[in-house]
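**Student:** Residue numbers (the working numbering): 836 to 904. Virtual Cβ for every residue (Gly too), placed ideally from N, Cα, C.
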Amino acid sequence: MDVPATIRRLRLARGLTQRDLGERVGVGPQYLYQVESGFRRPSLAALERLAVVLSVSLPELFTDTQVTA
Numbered sequence: 836m837d838v839p840a841t842i843r844r845l846r847l848a849r850g851l852t853q854r855d856l857g858e859r860v861g862v863g864p865q866y867l868y869q870v871e872s873g874f875r876r877p878s879l880a881a882l883e884r885l886a887v888v889l890s891v892s893l894p895e896l897f898t899d900t901q902v903t904a
């Protein structure tokens, strides 16, 4: 279970920059960099917003499979 890598993989698969995703989620690009790098753990509320914006269910952020669609 590598949530940071899953978020990054989904973001890139959707052609979004950290700035793009941050604007849609309501956080800054620095925050997303820290999350994707594993330096910061996002709150449940942030994970829920990320899941919505990335068009996946919340449990999908915690799976080991490479979800790209």
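Using only the alpha-carbon positions, how far apart do L845 and G857 sit?
**Tutor:** Locating residue 845 in the sequence shown gives position 10, where the first residue counts as 1. Locating residue 857 in the sequence shown gives position 22, where the first residue counts as 1. The alpha-carbon atoms of L845 and G857 are separated by roughly 13 Å.
**Student:** On the premise that V838 lies in contact with L896, defined as a C-beta separation below 8 Å, what is that separation, rounded to the nearest angstrom?
**Tutor:** Numbered from its first residue, the sequence shown carries residue 896 at position 61. Numbered from its first residue, the sequence shown carries residue 838 at position 3. L896 to V838, Cβ: 6 Å. Contact.
**Student:** Could you check whether V891 and R859 sit closer than 8 Å to each other, using their CB atoms as the reference points?
**Tutor:** As a working mapping, residue 859 is identified with position 24 in the sequence shown. As a working mapping, residue 891 is identified with position 56 in the sequence shown. Contact flag unset, no.
**Student:** Let me know the secondary structure DSSP gives V860 once reduced to three states.
**Tutor:** Locating residue 860 in the sequence shown gives position 25, counting from the first residue. V860 falls in the helix class under three-state DSSP.
**Student:** List the whole-angstrom C-beta distance separating L885 from P877, where the pair is believed to meet the contact cut-off of C-beta under 8 Å.
**Tutor:** Locating residue 885 in the sequence shown gives position 50, counting from the first residue. Locating residue 877 in the sequence shown gives position 42, counting from the first residue. With a Cβ gap of about 7 Å, L885 and P877 count as contacting.
**Student:** Note down the Cα distance separating T852 from R875, rounded to an integer number of angstroms.
**Tutor:** One-based indexing of the sequence shown puts residue 852 at position 17. One-based indexing of the sequence shown puts residue 875 at position 40. Using only the alpha carbons, I get a separation of about 18 Å.
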